[in-house]
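Numbered per UniProt numbering, the sequence shown spans residues 1 to 331.
Quick notes on the structure that follows.
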Amino acid sequence: MMLTPTRHSRDIERKPEYLQPEKCAPPPFPGPAGTMWFIRDGCGIACAIVTWFLVLYAEFVVLFVMLIPSRDYVYSVINGIVFNLLAFLALASHCRAMLTDPGAVPKGNATKEFIESLQLKPGQVVYKCPKCCSIKPDRAHHCSVCKRCIRKMDHHCPWVNNCVGENNQKYFVLFTMYIALISLHALIMVGFHFLHCFEEDWTKCSSFSPPTTVILLILLCFEALLFLIFTSVMFGTQVHSICTDETGIERLQRKKQPRERTGSCKSVQEAFGGDFSLNWFNPFTRPCQPEIPIDKGLVRQASSLSDMDNMETTESQLETKDRDSVEVLDE
Ligand SMILES: [Zn+2]
Ligand SMILES: [Zn+2]
Numbered sequence: 001m002m003l004t005p006t007r008h009s010r011d012i013e014r015k016p017e018y019l020q021p022e023k024c025a026p027p028p029f030p031g032p033a034g035t036m037w038f039i040r041d042g043c044g045i046a047c048a049i050v051t052w053f054l055v056l057y058a059e060f061v062v063l064f065v066m067l068i069p070s071r072d073y074v075y076s077v078i079n080g081i082v083f084n085l086l087a088f089l090a091l092a093s094h095c096r097a098m099l100t101d102p103g104a105v106p107k108g109n110a111t112k113e114f115i116e117s118l119q120l121k122p123g124q125v126v127y128k129c130p131k132c133c134s135i136k137p138d139r140a141h142h143c144s145v146c147k148r149c150i151r152k153m154d155h156h157c158p159w160v161n162n163c164v165g166e167n168n169q170k171y172f173v174l175f176t177m178y179i180a181l182i183s184l185h186a187l188i189m190v191g192f193h194f195l196h197c198f199e200e201d202w203t204k205c206s207s208f209s210p211p212t213t214v215i216l217l218i219l220l221c222f223e224a225l226l227f228l229i230f231t232s233v234m235f236g237t238q239v240h241s242i243c244t245d246e247t248g249i250e251r252l253q254r255k256k257q258p259r260e261r262t263g264s265c266k267s268v269q270e271a272f273g274g275d276f277s278l279n280w281f282n283p284f285t286r287p288c289q290p291e292i293p294i295d296k297g298l299v300r301q302a303s304s305l306s307d308m309d310n311m312e313t314t315e316s317q318l319e320t321k322d323r324d325s326v327e328v329l330d331e
């Protein structure tokens, strides 16, 4: 992630070697097309395993400490179904967020032939990522963990061991929502269970010994409270990002690079796929985004002052350049 990029004017006519992809660092896991997306980052994998472990711990305490020993059959069945359904949806959303390509830009496409095929006009520029040798579309950013440029990158989340971008933001939002919901549900059940145990004999309210029961419940209470706060804040931030059509990175860069934004309704539909339906809450349905044209957002106008400054050239200079001469900026 480059929040304060340095840019230099480059001219492929002057420096043809600049665009040779073989000069870039080779990808850490090239993988043939069609293979599953998975980031091999030790920290991210550890965080993802911890996430699963914490959900399974909550599952164990809810089932074996609270619901199964309970003598209220209806209470146990209803809460068991609701909790397990939410936990299943949370873990499914986690998998989808982790294993979905967040919108990676093709690596090494910054070749002379490809840029020439874009047929740039005077005053138009393309931005090149020097780290993955790709032509960066508008709103794409390089992630140093994924080692790729990601379309509409919001941030890299170690908890899902992936970037949150154009293609997997829905799954990430659902993940935070379902984790917040199971945390709230677990907290309510722990509260009821404590009340029930204080009224009854502690030896009868769980199949475990009273000290073990109390420790397991208090640990669950802490876990649920921590995750409820964390995921609620994250959920709110993500929904705000979608509604304002502004990613986390763009929020940080707002003053530097002001830009037009689409309406909230349209950006929500883009992120979740179509009109409001139950599918919005289903982690197994893909947001039905239209096929992205390969050159969408690649060519940009060098109209902003910052662009012109960074290009170290003036409009008149640009206009007098040969038509075949192309401006490629580092970003
Ligand atoms: Zn990149
Ligand atoms: Zn990333």
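Glycine included, C-beta positions come from ideal geometry on N, C-alpha and C.
This structure is a prediction, so every number in the text was calculated from the model and none was measured.
Contacting residues, own chain, Cβ-Cβ under 6 Å from residue i (five flanking each side not counted)
| i | result |
| --- | --- |
| MET177 | PHE235 |
| HIS185 | PHE83 |
| TRP159 | CYS47, THR51 |
| ILE49 | none |
| CYS197 | CYS205 |
Rounded C-alpha distance that separates residue i from residue j
| i | j | result |
| --- | --- | --- |
| LEU89 | PRO283 | 7 Å |
| LEU120 | CYS243 | 33 Å |
| LEU187 | TYR75 | 15 Å |
| ASN161 | VAL233 | 19 Å |
| ASN279 | THR285 | 6 Å |
| THR231 | SER267 | 22 Å |
| VAL82 | VAL190 | 15 Å |
| LEU85 | ILE182 | 9 Å |
| PHE227 | SER117 | 49 Å |
| ALA58 | LEU220 | 6 Å |
| HIS240 | SER264 | 9 Å |
| THR35 | ALA87 | 27 Å |
| PRO211 | PHE38 | 42 Å |
| ARG71 | ILE229 | 32 Å |
| ILE249 | PRO287 | 22 Å |
| ALA271 | PHE53 | 29 Å |
| ALA180 | PHE276 | 21 Å |
| ILE218 | HIS193 | 11 Å |
| GLU223 | VAL77 | 23 Å |
| ARG209 | LEU63 | In the sequence on display, residue 209 carries Ser and not Arg. Straight-line Cα distance between these residues: approximately 16 Å. |
Residue i - partner residues in DSSP beta bridges
| i | result |
| --- | --- |
| CYS157 | ASN162 |
| VAL299 | VAL126 |
| ALA104 | ILE150 |
Contact set for residue i: own chain, Cβ-Cβ below 7 Å, skip 5 residues either direction
| i | result |
| --- | --- |
| TYR171 | SER93, ARG96, ALA97, THR100, PRO283 |
| CYS163 | PRO102, CYS143, CYS146, ILE150, MET153, HIS156 |
| LEU225 | LEU187 |
| TYR73 | none |
| CYS43 | PRO158 |
| VAL299 | LEU118, LEU120, GLN124, VAL126 |
| PHE175 | ALA90, SER93, HIS94, ALA97, VAL160 |
| ILE45 | ASN161 |
| LEU195 | none |
Cβ-based neighbour list, residue i, same chain, cut-off 8 Å, excluding 5 preceding and 5 following
| i | result |
| --- | --- |
| LYS152 | GLY103, ARG139, ALA140, GLY165, GLU166, GLN169, THR247 |
| PRO69 | CYS205, SER206, SER207 |
| GLU200 | none |
| GLY273 | LYS170, ASN279, TRP280, THR285, ARG286, PRO287, CYS288, GLN289 |
For residue j and residue i, believed in contact at Cβ under 8 Å, the rounded distance
| i | j | result |
| --- | --- | --- |
| GLN238 | VAL173 | 5 Å |
| VAL61 | LEU216 | 5 Å |
| residue 341 | PRO130 | Any question about residue 341 goes unanswered here, given that the chain covers just 1 to 331. |
| GLY80 | LEU67 | 5 Å |
| ARG40 | LYS107 | ARG40 to LYS107, Cβ: 15 Å. No contact. |
| VAL65 | THR213 | 6 Å |
**Q.** beta strand (DSSP E) runs wholly inside the UniProt domain "Palmitoyltransferase DHHC" (128-254), at least 3 long, in chain order
**A.** 134-136, 140-143, 148-151, 155-157, 162-164
Q: Go through the residues and name those whose CB comes closer than 5 Å to any heavy atom of ligand 4, in chain order.
A: With respect to ligand 4, the structure shown offers nothing to examine, as its ligands consist of ligand 1 and ligand 2.
Q.
Which complete alpha helix (DSSP H) runs does the region 26-92 hold, if anything under 4 residues is left out?
A. 42-60
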